[in-house]
Structure formats: C-alpha cells, structure tokens
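From first to last, the protein sequence lines stand for chains F and V. Basically the working numbering = 1-based index in the first sequence + 6. Basically the working numbering = 1-based index in the second sequence + 6. Encoded as structure tokens, the structure appears first; notes follow it.
There are 2 protein chains.
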Amino acid sequence: MSGKGRLSIVGLGPGDVEWITPQAMAVLNGASDLVGYSTYLDLVPDLTGSPVRHASGNRVEIDRAKQALALARSGRQVALVTSGDPGIFAMASAVWEVLDAEPEDWSELEVEVVPGLSAMQAAAARVGAPLGHDFCVISLSDYHKSQAVIEKRLTHALLGDFVIALYNPASQTRCEMISRALALAAQHRDAATPVILAHDLGRAGERHEVSALSDVAPETIDMRTIVLIGSSRSRVVLRQGCKTVYTPRTYPDEPV
Amino acid sequence: MSGKGRLSIVGLGPGDVEWITPQAMAVLNGASDLVGYSTYLDLVPDLTGSPVRHASGNRVEIDRAKQALALARSGRQVALVTSGDPGIFAMASAVWEVLDAEPEDWSELEVEVVPGLSAMQAAAARVGAPLGHDFCVISLSDYHKSQAVIEKRLTHALLGDFVIALYNPASQTRCEMISRALALAAQHRDAATPVILAHDLGRAGERHEVSALSDVAPETIDMRTIVLIGSSRSRVVLRQGCKTVYTPRTYPDEPV
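This is the structure in structure tokens:
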C-alpha cells in the first residue's frame, strides 16, 4: 500500500459493547488491520469493514507494538486493540517505548490513543461510588517491577489513606502478591474495611462481591479480577439485600 | 406518575459526544427528566426524547441528589448528568451519602451508576501514555477536606513515586493550593519532570501543553484544567514538533 498509514491504540472498555465509545467504534470500523492479544480481539463486535486480524499472545507487548507500527508505516489503517483503557497498564506505554527507542524510524507516522473505560470504573459503578474520593491505582504484577517497589507503593497508598484499585492482582503462576497486599492493608486499615472483588466485568459470568478486609479469600482472586480496597472512610450501604459501597466526598482532619 | 421510577447517575465523559458510551446514550434517550449542573446539561447532545431539564448551580450537590432521588421515587426515569465519570469526584458519592443517611426512604428505589471516561484519561490520550504505570488521583479542592490532608496525600504520592493526576486544581476563588502542590512536587522530583496541563478537554477551545515541572505557570491553571505530574520515570518524546509523554511499564528497584 502506498497511502498514509496510521496507528490507533484503541480501548474497548471492560468487555461489554455498551461501553465502547463512538470514537473507538469509528476507528475499528475504519481499520484495515486489527492487532491484539487474541482474548481482546474476541471482544471486538461486528464491524462494517472486514479488517485483517493479527492475534498474538499476552506477554509479547513490544513485539505486538512493533508489528502494529510496521503495518501502519506500510500504509495500513491499524487498530491496536486492548480491553479497558490503553493508557492504563496497557499497550500505549509499550508503543511509546518503541517510539522513544527508535524515534527516527517512526517520526512521520501518525499515532493516536483512543481512551476507554477502565475496569476500576466499571467495578465502582456496579457497587456504588467507592472511588468518590482520592485514590491510587497500582498493578500487582511483578513482571515489570520488584515486589519491594510494589510494597513501598502500597505502604504509601495506605499511609495516605487512599482508596486503592489493584490491577493484575494474580495470575496462574503468581498468587502471593495479593495475599501480601491484603496483609499489608490489614496492618493499616480496620478489619471491616470494605473490599470489592469484581470478576469478568462486562463479560459472560460477570460477578462481584463486597467483603470485609478480614474476610477476603485471596484464592478467589485471579487475573480477571479487579480489587478495590476502601479507605478508612469508605462505607457499606445495604440496599435490597446487596452490599453497596461509597467513599464520602468529605474527609475529616484526623482519620477516623 | 405511578410507574416504577429509576435514578441513573450518568457520566458524559470529558465533553465530546464521541466519548459518550452507548450505555449512557441509551439512558439519556430513555429519560423523562435530566437533572444536573447547568454547564453539564449543556453538554448533553440531541436526544430522541424530550426530557424535562432541571438545571442547578455547581455547589448544591446534596440538594441536587435529593431532587433527582425524589423525582425518581415519584415514578420518573431520571438521568442525573455529570461530565467525566460520576464515580470520580462527582455525583455518585453525593447520592450515596443521601441513601446512607435516609436508607428507609430510598430502599425500594432502583439506582444505577453509568460510568464515563474521566478527564485524566482523555488528557493522557492526547499526549501519549503518562498514566502507563502506577498513579494517584487527588482532588485539590479544600471544600471537603483540609489543606493539611491534601498535603499529606500529595506527600505520600510523591514518596511512592506515583504519577499524579490532580482534579479541581483551582477555582475562581482558590488558586493557592496548586502552587503549593507544585512546590511540594519540586521538593521530591526533578525540575525536568514532565507536567501536562489539559484545558477544556473535548470542548471548544481545547488545548494542552507539556512543561517541565520548574516551568509550570500556576496562573494558567483554572477549574477546567486537569494536571498530570510525571513520576521520576516519565519521559518526553518529541514527535512532529510536539512534546508527548509516557511512563514506561518497567520500574527499576531504585528510583532513578
């Protein structure tokens, strides 16, 4: 192809088609090529076009970024597809790492980021308003940083009494970090602090539960779970037999 | 009306119609009544229905929440409209505060939260991938908490080397807190740390700039600005004459 290519890094949101923005849908419908982790490509709804699909495995982020960039440079209209928001623990940083390492190679190429709803937002919406006050967002994956760094971040988030959203809390081969994170939280927060576990948001089998911090069973948490830990101010409101959670807008001078 | 009413707390996203999710659009199209701060009601696009509009001022959040709840209890299909995500520094917490204070009054009423893209996501997308690693989200408004609490939170966010998103950085009557926040950041971060200021996202006159921390002019920041402060790892990549910013996925054991 000889036309002017473009790379769009597109967020689908957390799985349900009702959360895909019109901007994302327009980009997907105009794409000549879709690139992405196979699980995410499966979330793409029916499109008006018939783009070529380039599916890849989960952990080859830099290879996938380079593949998408190279296709775009060859003149293709490429949508690099992610779930959630591509800017939050997803592919946008991987693409920028390539742009930064090889600036001359990609200087002429048009690259855009198309944001999407992130899992924490959908999880919060399902249970009320737990993210209604200051919060921190932390990935528990030790693939890109050490456990020491993760624990330092968690400690500051706890000392600052932030609500905490935990991404990548566990995987098939990694389940210790979430137990350590919950134990650390228990050192700083009341046993009754509400914790939200949301599984498979916007997909078949979606479910969520609200537990007290002391009652959370780490073995129920996997790579498709998002975890929200309340601050000292977060409260449970029982509605129609279900626990909902919110964090008030007002914060007293001394933590309760 | 005698039918079963419902309250939907709906996020429009950061202003542009291309960011309104299909879920939000369906709720707005099905609403009998729209309730909201007048500026946000003006962002609602043309609808298939002709809902009654109940506009109110900015600071009467609890009154607005009660008005929306009462309308819904009377059998109306009410959309309580906010920009961004209603769960992030917006109306969902205010509604839940009322539900919590008067649980009996509202126990039968159906209440749902419809999430939306938040300003930090749109700002990040405009410049690259600054939120690509762990980050904190802090409101600088001292309307609901003291400056001491804000400074404590900022300090922990800085000590944890989080990227920091600042909401409500200033208002017409309050401009000191952003100066203090930037001064505090300068104590912990390099003078060259990239800072993103995004103004009027998704609206007429949208603009953004990327500056070094030491060069940010606080007087250019107002209530319609979102501020992102990079971590020690965030990097500027010059592309086609413009500064883009990303935070790498990888974090070394010792901060650089």
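Beta carbons: idealized from backbone N, C-alpha and C, even for Gly. Small disclaimer: the values here were computed from a predicted structure and weren't measured.
Check the Cα spacing between I94/F and each of A78/F, V169/F, I15/F: the tightest is with I15/F. Residues of the stretch 236-249 of chain F with a Cβ closer than 8 Å to any Cβ of chain V, in chain order: R241, V243, L244, R245, Q246. R180/V carries a strand assignment under DSSP once its states are collapsed to helix, strand and coil.
Going by C-alpha positions, V216/V is about 20 Å away from A210/V.
Look at D106/F: its C-beta is under 8 Å from a C-beta on chain V. With a contact defined as Cβ atoms closer than 8 Å, T161/V and L190/V qualify at about 7 Å. Here the stretch 98-112 of chain V makes contact with the stretch 237-256 of chain F; the two share three or more CB pairs at distances below 8 Å.
Nearest CB-CB separation between G93/F and chain V: below the 8 Å threshold. Within chain V, not a single residue places a beta-carbon under 7 Å from that of V50/F; the smallest gap is close to 15 Å. For A131/V, the chain F residues whose C-beta falls within less than 9 Å of its own C-beta are I15, G17, D91, P92, G93, A98, E118, V119, V120, P121, listed in chain order. The distance from the Cβ of R82/F to that of S124/F is about 27 Å, inconsistent with a contact at the 8 Å cut-off.
Separation of A85/F and N64/F (C-alpha to C-alpha, rounded to the nearest whole angstrom) is 17 Å.
Below the 8 Å Cβ cutoff, chain F contributes P92, G93, A98, S99, V101, W102, V119 as neighbours of A135/V, in chain order. Secondary structure at Y252/F: strand, using DSSP grouped into helix, strand and coil. Counting C-beta pairs with one atom in each stretch, the stretch 16-24 of chain F and the stretch 58-78 of chain F have fewer than three that are closer than 8 Å, which means they do not touch. Looking from the CA of D52/F, the closest CA among H60/F, A32/F, V66/F belongs to A32/F. Look at the beta carbons and you see the stretch 128-142 of chain F not touching the stretch 130-137 of chain V: under three pairs across the two are nearer than 8 Å. Beyond the five residues adjoining it in sequence on each side, E212/V comes within less than 6 Å, by CB distance, of D206 in the same chain, given in chain order. Chain V has a Cβ within less than 8 Å of the Cβ of D140/F.
Neighbourhood of E157/V in chain F, by CB distance below 7 Å: empty, with the nearest CB roughly 11 Å away. Within 8 Å of the CB of Y43/F, no CB atom of chain V is found; the nearest one sits about 15 Å away. If you look at Y43/V, you'll find it in the beta strand (DSSP E) that goes 39-43. Beta-bridge partners of L172/F (DSSP): I144/F, V233/F.
Less than 8 Å divides the Cβ of G236/V from the Cβ of V201/V. DSSP places T161/F in the uninterrupted alpha helix (DSSP H) bounded by 153-165.
Neighbours of P200/F in chain V, taken as residues at a C-beta separation under 7 Å, are lacking, since the least C-beta distance is about 12 Å. In this structure, the beta-carbon distance from L77/V to V117/V does not fall below 8 Å. T226/F carries a helical assignment under DSSP once its states are collapsed to helix, strand and coil. Burial state of Q127/F is buried, judged by a 10 Å Cβ sphere holding 16 or more other Cβ atoms. Here T54/F is exposed. Its C-beta has fewer than 16 other C-beta atoms within 10 Å. Considering only L219/F, G122/F, T179/F, the residue with the shortest C-alpha distance to H194/F is L219/F. In its chain, beyond the 5 residues on either side, M229 have a beta carbon closer than 7 Å to the beta carbon of S177/F. If you check the CB distance, W25/V and T27/F come in under 8 Å. DSSP places Q246/F outside both helix and strand once states are collapsed to three, so it counts as coil.
At a cut-off of 8 Å, the C-beta of P254/F has a neighbouring C-beta in chain V.
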